[in-house]
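Below you'll find the structure, written out as structure tokens, and then a few comments.
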Amino acid sequence: MKIAVIGGDGTGPEVVAEGLKVLKAVAGKVGFEYETKDFNVSGDRYLANGGDPEKPSIPIIDEDEIEELKTFDAIYLGAVGHPDVAPGILEKGLLLRLRFALDQYVNLRPVMLYPGVPCPLVGKGPDDIDFVVIRENTEGIYTGMGGIQYKGTPQEVSTQVNCTTRFGAERAIRYAFETCKKRNAKKRLTLVHKTNVLTFVGQTWFNAFEAVAKEYPDIETDYNHVDACCMWFIKNPEFYDVIVTDNIFGDIITDLGAMIQGGMGVAAGGNINPNGVSMFEPIGGSAPKYTGKNVINPIAAIAAMAMLLSETGQNTGDAKLADAGRRVESAIRSVTSKMKSQSAGKMGFTTTEIGDLVADAVAKTE
Ligand code: IPM
Ligand code: MN
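Quick note, the numbering used here runs 36 ahead of the 1-based positions in the sequence shown.
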């Protein structure tokens, strides 16, 4: 297996190092070979190459680097975001660029409360918070369609187009039904949107959902408006099994999801192209204020590594990789129950100690 590694900005390289430590441990345990290659793509490189901190002036990632990334089995990403670069430049120039260029049309975000992790919802435990959000990852208001006119004047006008295609909605929805079928849990798929206001794009999502649902008679379907969905996340999270939603709604509800699963320090995601190269990342940011202090929580990055292994294993039919993913996941569960907190600096352990604990736990998995 060939893995491209982009540590990125801030604490990204630190957490990625712990994920790679765990990868080494599990590869030794299960017995598979892998290679990694580091890609130095970051805000620091952009600035060092003379990039304008205020507006995109040079590519954050080069065309030939993107072509090279396409030759890997998976990409492992740390974090994107630099305090000296204006918001949007690195996010669009690297993260969104890769999601679009590699057609990673699904953002797979499990919301799972690990054992021993404090949940801010009173009376809810790991059995109640265990669902998956499938976020459409290449369309919606993320495409950059639109513009700004009369900028800086009182007459300023701007639009940001919610670009939605039946094709895009349908492929995300189909992936969600397949996920729901395999998950073997409640067999319930909930579409989340805002069809009462976004009547045009909402209709496209709803039509696609109803059409694909006919192919999956064993799966119960449901629909929530996104605002109501936020309410249910807090009130009855146990209701959910799999959720499918558009790009921006998926972005927003998975931050809420991260909070009910114990914080940004534990939430991992996969940018999936089922027929191409997928990219796995902790979903929290680059946390500049914690950079280099050995205090950031690497659990999300290690969970992203578990996903990388499970998904790559599933996609290639490689049972060893799938087994490795399962072991890393179970090792994480044994370590979270020993941690004081999932917040940076309050874990009761350093970043590297958590990585060591998970690597040791992997060696002991059955
Ligand atoms: C995420 C992030 C990104 C997004 C940003 C950094 C562009 O918030 O992965 O959820 O909005 O998709
Ligand atoms: Mn987000």
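Just so you know, even glycine gets a beta-carbon here, dropped at the ideal spot from N, CA and C.
Practice problem: Provide the residue span of the beta strand (DSSP E) that contains isoleucine 184, from first to last. | Solution: 182-185
Quiz item: If you follow the beta strand (DSSP E) that proline 148 is part of, which residue opens it and which one closes it?
Solution: What sits at residue 148 in the sequence shown is methionine, not proline. Methionine 148 -> beta strand (DSSP E) spans 142-148.
Quiz item: Cβ of leucine 234 within 6 angstroms of any heavy atom in the ligand IPM?
Solution: no
Quiz item: Are three or more beta carbon pairs between the stretch 179-186 and the stretch 196-207 nearer than 8 angstroms?
Solution: yes
Quiz item: Can the beta-carbon of glycine 46 be found closer than 7 angstroms to that of threonine 290?
Solution: no
Quiz item: In this structure, what does DSSP give as the bridge partners for glycine 305?
Solution: Glu317
Quiz item: Where do the ends of the alpha helix (DSSP H) carrying phenylalanine 203 lie?
Solution: 202-219
Exercise. Could you tell me the distance, in whole angstroms, from the CA atom of glutamate 172 to the CA atom of lysine 187?
Key: 31 angstroms
Quiz prompt | Nonlocal neighbours in the same chain, by C-beta distance under 7 angstroms from cysteine 266, ignoring five residues either side | solution = Ile289, Leu292
Quiz item: Is it right to say asparagine 232 is buried, meaning 16 or more other beta carbons lie within 10 angstroms of its own, or is it exposed?
Solution: exposed
Exercise. Using the Cα positions of isoleucine 125 and proline 92, report the straight-line distance between them to the nearest angstrom.
Key: 6 angstroms
Exercise. Check phenylalanine 68 in the structure and name its three-state DSSP category.
Key: coil
Quiz item: So does aspartate 287 have its beta carbon nearer than 6 angstroms to some heavy atom of the ligand MN?
Solution: yes
Self-check item: Burial state of glutamine 297 (16 or more Cβ within 10 Å)
Solution: buried
Quiz item: Rounded to whole angstroms, how far is the Cβ of valine 394 from the Cβ of isoleucine 319, which I believe are closer than 8 angstroms?
Solution: With 8 angstroms as the limit, valine 394 and isoleucine 319 do not qualify as a contact, their Cβ atoms being about 18 angstroms apart.
Quiz prompt | From Asn243, Asp258, Lys223, Asp396, residue whose alpha carbon lies closest to that of glycine 204 | solution = Asn243
Quiz item: Which word fits alanine 212, buried or exposed, when buried means at least 16 other C-beta atoms lie within 10 angstroms of its C-beta?
Solution: buried
Quiz item: Would you call the stretch 54-63 and the stretch 380-398 in contact, with 3 or more CB pairs under 8 angstroms?
Solution: yes
Quiz item: Is alanine 221 near aspartate 277, with beta carbons less than 7 angstroms apart?
Solution: yes
Practice problem: Measure the Cβ-Cβ separation of isoleucine 209 and phenylalanine 236 and say whether it is below 7 angstroms. | Solution: no
Quiz item: Does at least one heavy atom of the ligand IPM sit under 6 angstroms from the Cβ of leucine 131?
Solution: yes
Quiz item: From alanine 115 to alanine 249, what does the alpha carbon distance come to, in whole angstroms?
Solution: 36 angstroms
Quiz item: Among Leu56, Ala53, Lys38, Val66, which has the Cα closest to the Cα of aspartate 359?
Solution: Val66
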